[in-house]
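Chemist: Below you'll find the structure I mean.
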Amino acid sequence: MNQLRFFDPHIHMSSRTTDDYEAMAKAGIRAVIEPAFWLGQPRTQVGSFIDYFASLVGWERFRASQFGIAHYCTIGLNSKEANNEGLAKEVLELLPRFAFKEGVVAIGEIGYDEITAAEDRAYEAQLQLAADNDMMVMVHSPHRDKKNGVIRSVDVAANIGIPMEHLVIDHNNEETVESVLDRGAWAAFTIYPHTKMDSARMVEIVRKYGAERIIVDSSADWGVSDPLAVPRSAHLMLEGGIDPEIVEKVTFSNALAAYAQSGQIDVEALDKAPTVDQSTLFGDSSVLRGQQPRIDQPVI
Ligand SMILES: [Zn+2]
Numbered sequence: 001m002n003q004l005r006f007f008d009p010h011i012h013m014s015s016r017t018t019d020d021y022e023a024m025a026k027a028g029i030r031a032v033i034e035p036a037f038w039l040g041q042p043r044t045q046v047g048s049f050i051d052y053f054a055s056l057v058g059w060e061r062f063r064a065s066q067f068g069i070a071h072y073c074t075i076g077l078n079s080k081e082a083n084n085e086g087l088a089k090e091v092l093e094l095l096p097r098f099a100f101k102e103g104v105v106a107i108g109e110i111g112y113d114e115i116t117a118a119e120d121r122a123y124e125a126q127l128q129l130a131a132d133n134d135m136m137v138m139v140h141s142p143h144r145d146k147k148n149g150v151i152r153s154v155d156v157a158a159n160i161g162i163p164m165e166h167l168v169i170d171h172n173n174e175e176t177v178e179s180v181l182d183r184g185a186w187a188a189f190t191i192y193p194h195t196k197m198d199s200a201r202m203v204e205i206v207r208k209y210g211a212e213r214i215i216v217d218s219s220a221d222w223g224v225s226d227p228l229a230v231p232r233s234a235h236l237m238l239e240g241g242i243d244p245e246i247v248e249k250v251t252f253s254n255a256l257a258a259y260a261q262s263g264q265i266d267v268e269a270l271d272k273a274p275t276v277d278q279s280t281l282f283g284d285s286s287v288l289r290g291q292q293p294r295i296d297q298p299v300i
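Residue 1 is where the sequence shown starts when you use the working numbering, and the numbers rise one by one after that.
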């Protein structure tokens with residue numbers, strides 16, 4: 001059987017292990033997007049954001065490459081930390097320094113947490129940055145009052161002038177999907193293990209809505225989460241009798257079509273088998289600790 005290819009367009013790899021990278025590559029995950037988000041506790045200084053953004057475009061991208069996974073990221077001020085307005089102002093000023101670097105495919109993840117005035121200001125300023133530079137936007141929808149949060153996220157983005165094909169609304173569920181698809185934006189779904197949005201429910205959503213503009217991701221991070229949620233959901237869809245072409249779209253090519261609009265993804269390279277050279281270094285750093293480096297010979 002030919003191995004299926006997957007794209008997980010929302011995963012926080014900085015919080016994951018090399019075992020995860022190995023398991024993901026083995027399961028067929030070929031590319032990931034790591035959105036900038038919070039650390040589980042609030043940052044206290046702008047310097048923490050500088051180093052974090054630098055690691056997303058630097059070390060983490062290298063680390064992924066060492067396991068044959070193409071790593072892209074998004075840059076943005078998350079909604080929770082938008083509420084520290086003094087710090088938020090400094091971070092917003094910092095964003096253009098990172099948003100145009102190689103491998104950055106969108107402004108994100110931005111949007112609402114508690115739907116406060118401060119979140120509104122940060123969201124609008126970042127939408128404006130995206131609109132001015134013709135960039136994609138990845139939106140985190142709130143876990144509370146989700147339906148209103150989603151409708152408002154789309155409305156505000158539309159008012160700022162973000163074309164709907166540049167807008168990805170994430171963390172959807174059965175109650176929000178139509179509000180996103182009807183407007184013409186991309187609807188992403190995060191598969192959380194043992195909770196509200198699991199793989200079985202995803203199968204039913206795809207059965208009902210088909211593949212158009214629907215994207216599956218894991219949002220795996222430092223919490224209880226599953227870095228293999230995308231391949232797991234794909235296999236469950238196939239077992240459930242969903243057309244393999246639809247499964248391929250929602251777990252690979254839709255995310256690619258959406259984020260390749262950034263011009264930052266080498267689409268042809270993803271068609272080829274990845275080659276890995278673990279003898280390379282990032283600065284002075286290697287992912288190895290004395291192990292024999294894996295060096296794949298290019299396939300001719
Ligand atoms: Zn996230």
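We treat Cβ as the ideally placed atom computed from N, Cα and C, and that holds for glycine.
1. When every heavy atom of ligand 1 is checked, does at least one fall within less than 8 Å of the C-beta of Pro35?
2. Can you check which of these residues, Ser153, Pro35 and Glu90, is closest to Val46 by C-alpha distance?
3. Could you pull out every unbroken alpha helix (DSSP H) segment of at least 4 residues lying fully inside the segment 195-228, listed in chain order?
4. Here's the rule: buried if 16 or more other CB atoms are within 10 angstroms of the residue's CB, otherwise exposed. What is Arg232?
5. Let me make sure I understand the geometry here. Which of Met164, Leu87 and Ser218 has the alpha-carbon closest to that of Asp198?
6. Return the residue from the list Lys208, Thr44, Gln264 and Ser262 that minimises the CA-CA distance to Val177.
7. Smallest Cα separation from Asp226: which of Ala211, Ser253, Asp134 and Ile191?
8. What is the residue span of the alpha helix (DSSP H) that Ile246 lies within?
9. Ends of the beta strand (DSSP E) at Ala70?
10. How many angstroms separate the CA atom of Gly240 from the CA atom of Gly28?
11. Within 10 Å of its beta-carbon, does Gly223 have 16 or more other beta-carbons around it, so buried, or fewer, so exposed?
12. Quick test of your reading: Val104 and Val57, contact by CB under 8 Å. State the CB separation rounded to the nearest angstrom.
13. Decide if Phe100 is buried, meaning its Cβ has at least 16 other Cβ atoms within 10 Å, or exposed.
Modeler: Short version:
1. Within the sequence shown, residue 35 is the residue found at index 35, counting from 1. Because some heavy atom of ligand 1 lies under 8 Å away, the Cβ of Pro35 counts as near it: yes.
2. Translated into positions along the sequence shown, residue 46 becomes position 46. The shortest Cα separation from Val46 among Ser153, Pro35 and Glu90 belongs to Glu90.
3. 199-209
4. Taking the first residue of the sequence shown as 1, we reach residue 232 at position 232. Buried, because 16 or more other Cβ atoms sit within 10 Å of the Cβ of Arg232.
5. Working through the sequence shown from its first residue, we reach residue 198 at position 198. Closest option to Asp198, Cα to Cα, is Ser218.
6. Residue 177 sits at position 177 when you count from the first residue of the sequence shown. Of Lys208, Thr44, Gln264 and Ser262, the residue nearest in Cα terms is Lys208.
7. Counting from one through the sequence shown, the residue named residue 226 turns up at place 226. Among Ala211, Ser253, Asp134 and Ile191, the Cα nearest to that of Asp226 belongs to Ile191.
8. Counted from its first residue, the sequence shown places residue 246 at position 246. Note, Ile246: alpha helix (DSSP H), Pro244 to Glu248.
9. On the sequence shown, residue 70 is found 70 positions in, with the first residue counted as 1. In the DSSP annotation of this structure, the continuous segment of the beta strand (DSSP E) that includes Ala70 starts and ends at Ala70 to Ile75.
10. Counting from 1 along the sequence shown, the entry for residue 240 is found at position 240. Counting from 1 along the sequence shown, the entry for residue 28 is found at position 28. Whole-angstrom Cα-Cα distance: 20 Å.
11. The residue labelled residue 223 in the question sits at position 223 within the sequence shown. Counting Cβ neighbours within 10 Å, Gly223 comes out exposed, since fewer than 16 surround it.
12. Within the sequence shown, numbered from 1, the residue matching residue 104 stands at position 104. Within the sequence shown, numbered from 1, the residue matching residue 57 stands at position 57. Taking C-beta atoms under 8 Å as the contact rule, Val104 and Val57 qualify, at a distance of about 7 Å.
13. Translated into positions along the sequence shown, residue 100 becomes position 100. Answer is exposed; the Cβ neighbour count stays below 16.
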